[in-house]
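Novice: Numbering (the working numbering), first residue to last: 3 to 509.
Here it is: the structure, laid out below.
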Amino acid sequence: MAKASKTIKQTMQYPQQYAAWFSATQRLFNQVAAFYFEVIQAHEKVLSLSSQKALNALETLTHATDQNTHPVMPLDAIAPNIPSMFRRAAIHAALGSARLFSTTLKKWRGRKEKAEARKKRFTERPPVPPRTWNRSTTLYAGQWKERTETHILLKLWTGSCWSWVKVHLLSRDIPDGYEIGSPSLVRHGSGWHLHTPIEKTFTSPAKVVEQLTTRETRICAVDLNLDHHLAVCTIQNAEGSTLATKFIRGGKAVNGFRKKQLGRIARNRSKTGILAEGQQDNTALWAKIRHVDEQVAHLVSARIVQFAAQHGASILVFEHLGNLTPQKGKYSRRSNAKRAYWMKGRIFKYAKYKAWHEGIITSRVSPRNTSKECARCHGLIARYDAKHATEGYTPGTPLPFCPHCGMRGNADRNASLVIGQRLLARFQKHQKKHQEKPSTPRLLAAERDEKPSGVTISHDANSAKSPSTKRARRRGIGKGHGTAHEERAGMVAHLGSIPTQLRLFSE
Ligand SMILES: [Zn+2]
């Protein structure tokens, strides 16, 4: 079974005095967590236990019951009558931090010993335990109840007593088919929000190689761009026929907006003179740029996944991101190119995670010449715009012309088709290899399929399991470059046998 998790963030509406209670609850939560962190430091053996056993041990150490009348380090010294579920949430927060601290300390000691053994100077400072605690309060079952689409009851510490309060929930509702985890109270500026982790379990989708053995399998190939068409998606079946195309526009508008803000920042900087190092200037303008980039990345990725799901595609294909090509010119131009490149990366990241929630897997292919190759005959194409002649390759121009087969159309759509064909070619190559050497232990798909990095639901267990996107990406890029040559050679050989339909703009 596969899992997909994410966090739903809801704005809360409440009478003004509740804000002070949210703060008081959070202060108490951190006080209790800090207390347990101390207890764990005094009884380090606790860390070798499982979470459940550690919890029991810590409660015996601190919590008075009929059987356990004199705990060693009573929690009551901090605050009396703390609800047990509040205490447990704080214990888990403390355990998480203590585990992290203990591993960092162990690693540091290891490095120190190594340096000493080699008689090298070791100047790295030891890690320090958290000096201040500023965790958001996690509410375990028992600290909240009667949750509906619009309301929830929360048990808060008012500073003098525990009290149930009802708050109004705004914005998105919990989607169907998800299990909800423990919500937390998160402060954003002066307002308080409710963050709820949710998780969905579904049958793991088959690997790319397994899926492509079926003719009915559909893939959605996506070409991401920095300019006009932010994304062009094509739906192709396992035999290579194109079934649908979608252009997602808006690149010009975002670029224009961003460039304008960056120009403003540059002008402000030239007015105020040299900046102090590490000081963030023009905070509001940067925030504006960031918000627009984020929002566009979310919108575009959502539309890609929506399009793929609508057409029943079960695999999403992108090309590897490639390197950022440095730009010449003004600050606003250089910076804009950099941010556009980052946004491309974010669109991929978000699309991958959103696709995973729909049970769609994501794969990536080599980016080598995807925009220079003809999707019909795989010769090199010319790219031009209305102003130029139909020869030569002018990067970024919208119109392709293939001198070998006469293909014309849209350059971004052509690139998207090539990306999809590359995945199919890889599969064909894999099958061929597999038939010749049936004992080959290395499955192509196992190396390449992207695992989802989704948001994790609990603080300790799951985070260790889910692979980091960064690592996956780095690994992927290395492989992608290494195999670029073979892939091209293999593809030309096999794709000649596939009739490729090229319907221009008629879909
Ligand atoms: Zn051609």
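Don't be surprised by glycine CBs; every beta carbon is placed ideally from N, CA and C.
#1: So what does ILE237 bridge to, in DSSP terms?
#2: Since GLN423 and GLY242 are thought to touch, with beta carbons under 8 Å apart, how far apart are those beta carbons, to the nearest angstrom?
#3: Taking all protein chains shown into account, decide if LYS248 is buried (16 or more other Cβ within 10 angstroms of its Cβ) or exposed.
#4: According to the Cβ coordinates, are HIS432 and VAL210 closer than 7 Å?
#5: Kindly list the residues whose CB is nearer than 8 Å to the CB of TRP110, restricted to its own chain and excluding five residues on each side of it in sequence; keep chain order.
#6: Mapping DSSP to helix, strand and coil, what is ILE93?
#7: Consider the C-beta atom of GLY581 and the heavy atoms of ligand 1; say whether any pair is separated by less than 6 Å.
#8: Please determine whether the Cβ atom of HIS2 lies at a distance below 6 Å from any heavy atom of ligand 1.
#9: Is the closest heavy atom of ligand 1 to the C-beta of ARG410 under 6 Å?
#10: Does the segment 159-170 touch the segment 215-226, meaning 3 or more C-beta pairs lie closer than 8 Å?
#11: Work out the CA separation of THR71 and TYR142 for me, nearest whole Å.
#12: Using a Cβ-Cβ cutoff of less than 6 Å, which residues in the same chain neighbour PHE320 once the five nearest sequence positions on both sides are dropped?
#13: May I have the straight-line CA-CA distance separating PHE429 from HIS322, to the nearest angstrom?
#14: Would you mind reading off the limits of the beta strand (DSSP E) that contains VAL130?
#15: Candidates ALA240, TRP288, ASP175: which alpha carbon is nearest THR13's?
#16: Using DSSP bridges, identify the partner residues of PHE556.
#17: At the level of alpha carbons, what is the spacing between SER418 and PRO207?
#18: So, using beta-carbon positions, are MET345 and ALA286 closer together than 7 Å?
#19: Quick one: using the 10 Å Cβ neighbour count with 16 as the cut-off for buried, is ASP414 buried or exposed?
#20: Taking the continuous beta strand (DSSP E) assigned at ILE349, which residues delimit it?
#21: Would DSSP call TYR16 helix, strand or coil?
#22: Could you check if ARG378 belongs to the surroundings of ligand 1, using beta carbon to heavy atom distance under 6 Å?
#23: Considering only the beta carbon of each residue, do ALA6 and TRP358 sit closer than 7 Å?
#24: How long is the line joining the alpha carbons of VAL2 and ARG113, rounded to whole angstroms?
#25: I believe ASP229 touches GLY398 by the beta-carbon criterion, under 8 Å. Please report the beta-carbon distance rounded to the nearest angstrom.
#26: Quick one: grab the DSSP three-state call for SER186.
#27: Assign CYS163 to one of two classes, buried (16 or more other C-beta atoms within 10 Å of its C-beta) or exposed (fewer than that).
#28: Between ILE10 and LEU187, what straight-line distance do the alpha-carbon atoms span, to the nearest angstrom?
#29: For TYR20, count neighbouring C-beta atoms within 10 Å of its own C-beta (all shown protein chains included) and say buried if the count is 16 or more, exposed if not.
#30: Could you check the C-alpha separation between ALA96 and ASN58 for me, to the nearest Å?
Specialist: Put simply:
#1: CYS222, ALA246
#2: 6 Å
#3: buried
#4: No. Outside cutoff.
#5: GLU126, PRO128, PRO129
#6: helix
#7: Residue numbering for the chain in the displayed model covers 3 to 509; residue 581 lies beyond these limits and cannot be assessed.
#8: Only positions 3 to 509 of the chain appear in the structure, and residue 2 is not among them; the question remains open.
#9: no
#10: no
#11: 26 Å
#12: VAL224, PHE350, ARG366
#13: When rounded, the separation of the alpha-carbon atoms in PHE429 and HIS322 is 17 Å.
#14: For VAL130, there is no enclosing beta strand (DSSP E), as DSSP marks it with neither H nor E.
#15: ASP175
#16: Nothing about residue 556 can be reported from this structure: the residues present for the chain run from 3 to 509 only.
#17: 24 Å
#18: No Cβ-Cβ contact shorter than 7 Å links MET345 with ALA286.
#19: buried
#20: Note, ILE349: premise wrong, no beta strand (DSSP E); alpha helix (DSSP H) at 333-359.
#21: coil
#22: yes
#23: yes
#24: Within the shown structure, residues of the chain are numbered from 3 to 509, placing residue 2 beyond reach of any answer.
#25: 6 Å
#26: strand
#27: With fewer than 16 Cβ atoms within 10 Å of its Cβ, CYS163 is classed as exposed.
#28: 12 Å
#29: buried
#30: 14 Å
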